[in-house]
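Chemist:
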Ligand SMILES: Cc1cc2nc3c(=O)[nH]c(=O)nc-3n(C[C@H](O)[C@H](O)[C@H](O)COP(=O)(O)OP(=O)(O)OC[C@H]3O[C@@H](n4cnc5c(N)ncnc54)[C@H](O)[C@@H]3O)c2cc1C
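In my numbering, the protein residues as written are 648 to 1037.
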């Protein structure tokens, strides 16, 4: 067991730190207020070689792995973007990158990977449906055979970045539940232009992560061609899981950077702030202990996340580690950002001090991309051998 980073990993972390600091807190506050996609940040991240860190070199990526991606995200998030950086990395590196690099056709790889890696193209993923929710196997968006292709109808919601994306990975049924032996059969992945005829979007208003739009997506008789299929027709379920599992590592990395940032802001403020006499409020244990607790908790989650990333890069199962890291990181980050706001008193509530944004954004990750209840279900069943309760 070696806890040392290689020189290359240190360099990636350092490059990411510099990009994160170059943009800083005010950039993100401004974009949050304007609900604007962080285009300049993303282009700079890609120009620094970080957007394609885990994607194949022949298409412009660095050919490295999830550990390097986690290190990059943590450092970018710490510069000011917070947990939204994890979500941003889901778009091109995961939804577009992992799905196309592992399961796409050669034509898809040639056409889409280079602009995804440079940041000239954005990819979103349309999986969640209003009536299925967490129970993905209940999705009903259906592509019925038509000539050599299919006609898709259905509805998705909460699709991140759909309004900013050029392409969309769609998860739908190509066989109805009644036609298959197991619900995991009959699921397929398709990749299409977001502007394709029959696709329409409706923006969802929300609490945070305002720099990344969320949409309801309607598919009305959308034509799908054989060239749009990603991976195995009717057999897309395991491939979807492969794409989704890496989401947790990315999410946790963003939360680790957010806790570091929130604690730094809280400590800097508390060291200066004096209310009763000459003693700074940082000298009170009531202020110190919860911040120290958050620091300890996120340190544990970070290590577990690195373990998940290394296992993933070695091609070994990493579901338990990535789920546990995400569970603890999201809880630690929620507590840390709340406590950091509390430390600033009234100023914690002011957007000028950034903590309210960090808190709003990170709240999402208590229930997405996988909720803590579903992680606990997973641990109870897979690690403790208890029966499925639902
Ligand atoms: C801002 C945002 C961005 C998102 N981005 C995307 C995206 O880009 N693409 C995409 O496809 N989806 C996206 N999602 C959807 C997200 O993944 C889901 O919201 C999430 O998986 C939870 O599903 P749900 O909202 O339907 O909750 P539900 O499934 O309705 O669950 C509601 C609550 O019940 C609990 N619950 C459900 N079943 C059980 C059980 N068996 N045991 C215990 N508790 C249970 C859940 O844990 C949760 O707390 C996004 C969501 C948000 C809010």
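We put the CB at the ideal spot given by N, CA and C, even for glycine.
1. Assuming residue 838 and residue 875 are in contact, meaning their beta carbons sit under 8 angstroms apart, how far apart are those beta carbons, in whole angstroms?
2. Any contact of the region 986-997 with the region 842-858, i.e. 3+ C-beta pairs under 8 angstroms?
3. Assuming residue 1007 and residue 981 form a contact by the criterion Cβ under 8 angstroms, report the distance between their Cβ atoms to the nearest whole angstrom.
4. Which residues mark the beginning and the end of the beta strand (DSSP E) in which residue 846 is found?
5. Suppose you measure from the CA of residue 740 to the CA of residue 699; what does that come to, to the nearest Å?
6. Please state the DSSP three-state secondary structure of residue 683.
7. Can you list, in chain order, the residues of its chain with a C-beta nearer than 6 angstroms to that of residue 855? Leave out the 5 residues immediately preceding and following it.
8. Assess contact between the region 699-714 and the region 943-960, defined as three or more Cβ pairs (one per stretch) separated by less than 8 angstroms. Is contact present?
9. Does the beta-carbon of residue 820 have 16 or more other beta-carbons within 10 angstroms, so that it is buried, or is it exposed?
10. Report all residues from its chain with a CB closer than 7 angstroms to the CB of residue 934; omit the five preceding and five following residues, and keep chain order.
11. Pick helix, strand or coil for residue 779, following the three-state DSSP scheme.
12. Residue 804 to residue 780, Cα distance in whole Å?
13. Using 8 angstroms for Cβ pairs, my map puts residue 956 next to residue 906. What's the rounded Cβ distance?
14. Are at least three pairs of beta-carbons, each pair with one atom in the region 728-737 and one in the region 672-685, less than 8 angstroms apart?
15. With DSSP as the reference, label residue 861 as helix, strand or coil.
16. Check whether the Cβ of residue 936 sits closer than 7 angstroms to any heavy atom of ligand 1, and report yes or no.
17. Quick check on DSSP: helix, strand or coil for residue 657?
18. Kindly indicate which residue of 924, 672, 860, 745 has the alpha-carbon position closest to the one of residue 806.
19. Do you know whose CA, among 1005, 835, 669, lies nearest residue 751's CA?
20. Under 8 angstroms by Cβ, that's how I've got residue 688 and residue 674 pegged, so tell me the actual separation to the nearest angstrom.
21. What residues in its chain sit with their C-beta under 7 angstroms from that of residue 920, if we drop five residues either side in the sequence?
22. At 3 residues or longer, what runs of the beta strand (DSSP E) sit wholly inside the region 808-856?
23. To which residues of the same chain is residue 1000 closer than 8 angstroms at the C-beta, ignoring the five residues directly before and after it?
24. Would you tell me roughly how many angstroms separate the C-alpha atoms of residue 832 and residue 693, rounded to the nearest one?
25. Using only the alpha-carbon positions, how far apart do residue 878 and residue 1037 sit?
26. For residue 988, report the span of its alpha helix (DSSP H) as first-last.
27. Given 7 angstroms as the limit, tell me if residue 853 has its C-beta closer than that to any heavy atom belonging to ligand 1.
28. Would you mind sorting residue 932 into buried or exposed? The rule is 16 or more other CB atoms within 10 Å of its CB.
29. Whether or not the region 892-900 and the region 1014-1025 are in contact is what I'm after, with contact meaning three or more pairs of Cβ atoms, one per stretch, closer than 8 angstroms; do they touch?
30. For residue 706 versus residue 756, is the C-beta spacing smaller than 8 angstroms?
31. Tell me the residue span of the alpha helix (DSSP H) that contains residue 757.
32. Between residue 945 and residue 987, is the Cβ-Cβ spacing less than 8 angstroms?
33. So if DSSP puts residue 798 in a beta bridge, which residue, or which two residues, is it bridged to?
34. Which residue marks the beginning of the beta strand (DSSP E) containing residue 772, and which one marks its end?
35. Would DSSP call residue 806 helix, strand or coil?
36. The alpha helix (DSSP H) spanning residue 736 covers which residue range?
Modeler: By the coordinates alone:
1. To locate residue 838, count along the chain shown from 1; it is residue 191. To locate residue 875, count along the chain shown from 1; it is residue 228. About 6 angstroms; that satisfies the 8 angstroms criterion.
2. In short, these stretches do not touch, since the Cβ pair count stays below three.
3. Position 360 of the chain shown holds residue 1007. Position 334 of the chain shown holds residue 981. Wrong, their Cβ atoms sit about 11 angstroms apart, outside the cutoff.
4. As a first step, residue 846 must be located in the chain shown, where it is residue number 199. Following the DSSP letters along the chain, one finds residue 846 inside the beta strand (DSSP E) bounded by residues 846-850.
5. Counted from its first residue, the chain shown places residue 740 at position 93. Counted from its first residue, the chain shown places residue 699 at position 52. Each residue's alpha carbon lies about 6 angstroms from the other.
6. Residue mapping note: residue 683 aligns to position 36 of the chain shown, counting from 1. If DSSP states are grouped into helix, strand and coil, residue 683 belongs with coil.
7. Numbered from its first residue, the chain shown carries residue 855 at position 208. Answer for residue 855: 1007, 1008, listed in chain order.
8. yes
9. The sequence position of residue 820 within the chain shown is 173, counting from 1. Only buried fits residue 820, as 16 or more other CB atoms lie within 10 angstroms of its CB.
10. If you number the chain shown from 1, residue 934 lands on position 287. Closer than 7 angstroms at the Cβ level, and outside the excluded window around residue 934, lie 917, 928, 990.
11. Numbered from 1 along the chain shown, position 132 holds the residue referred to as residue 779. DSSP places residue 779 in coil when its eight states are reduced to three.
12. Position 157 of the chain shown, counted from the first residue, corresponds to residue 804. Position 133 of the chain shown, counted from the first residue, corresponds to residue 780. Spanning the two alpha carbons is a distance of roughly 9 angstroms.
13. As a position in the chain shown, residue 956 is number 309, starting the count at 1. As a position in the chain shown, residue 906 is number 259, starting the count at 1. Not confirmed; about 18 angstroms, so no contact.
14. yes
15. Position 214 of the chain shown holds residue 861. Three-state result, residue 861: strand.
16. Indexing the chain shown from 1 puts residue 936 at position 289. Residue 936: no, Cβ never under 7 angstroms from ligand 1.
17. The residue given as residue 657 occupies position 10 in the chain shown. In this structure, residue 657 counts as helix in the three-state DSSP scheme.
18. The sequence position of residue 806 within the chain shown is 159, counting from 1. For residue 806, the closest of 924, 672, 860, 745 by C-alpha to C-alpha distance is 860.
19. Indexing the chain shown from 1 puts residue 751 at position 104. Comparing Cα-Cα distances from residue 751 to each of 1005, 835, 669, the minimum goes to 835.
20. Locating residue 688 in the chain shown gives position 41, counting from the first residue. Locating residue 674 in the chain shown gives position 27, counting from the first residue. About 7 angstroms; that satisfies the 8 angstroms criterion.
21. If you number the chain shown from 1, residue 920 lands on position 273. Same-chain partners within the cutoff: 927, 928.
22. Within the region 808-856, the runs of beta strand (DSSP E) at least 3 residues long that lie entirely inside it are, in chain order, 814-820, 834-840, 846-850.
23. Walking along the chain shown from the start, residue 1000 turns up at place 353. Counting only Cβ-Cβ distances below 8 angstroms, and skipping sequence neighbours, we find 912, 916, 991, 994.
24. On the chain shown, position 185 is the one that residue 832 refers to. On the chain shown, position 46 is the one that residue 693 refers to. Roughly 37 angstroms separates the two Cα atoms.
25. Mapped onto the chain shown, residue 878 falls at position 231. Mapped onto the chain shown, residue 1037 falls at position 390. When rounded, the distance between both Cα atoms is 30 angstroms.
26. Within the chain shown, the letter at position 341 stands for residue 988. Residue 988 -> alpha helix (DSSP H) spans 966-990.
27. Reading the chain shown from its first residue, position 206 is the one you call residue 853. Within the cutoff, so yes.
28. Taking the chain shown and counting its residues from 1, the one referred to as residue 932 is at position 285. Exposed, since its Cβ has fewer than 16 Cβ neighbours within 10 Å.
29. Cβ pair count under 8 angstroms is three or more, so yes.
30. Here residue 706 corresponds to residue number 59 of the chain shown, with the count starting at 1. Here residue 756 corresponds to residue number 109 of the chain shown, with the count starting at 1. Cβ atoms of residue 706 and residue 756: closer than 8 angstroms.
31. Along the chain shown, read from residue 1 onward, the residue named residue 757 stands at position 110. 753-765 is the extent of the alpha helix (DSSP H) around residue 757.
32. If you number the chain shown from 1, residue 945 lands on position 298. If you number the chain shown from 1, residue 987 lands on position 340. Contact: no.
33. Taking the first residue of the chain shown as 1, we reach residue 798 at position 151. Paired residue(s): 791, 870.
34. Along the chain shown, one-based indexing puts residue 772 at 125. It spans 770-773 - the beta strand (DSSP E) in which residue 772 sits, taken as one unbroken run.
35. Here residue 806 refers to the residue found at position 159 when the chain shown is read from its first residue. It is a strand residue.
36. One-based indexing of the chain shown puts residue 736 at position 89. Counting along the chain, the alpha helix (DSSP H) containing residue 736 begins and ends at 731-736.
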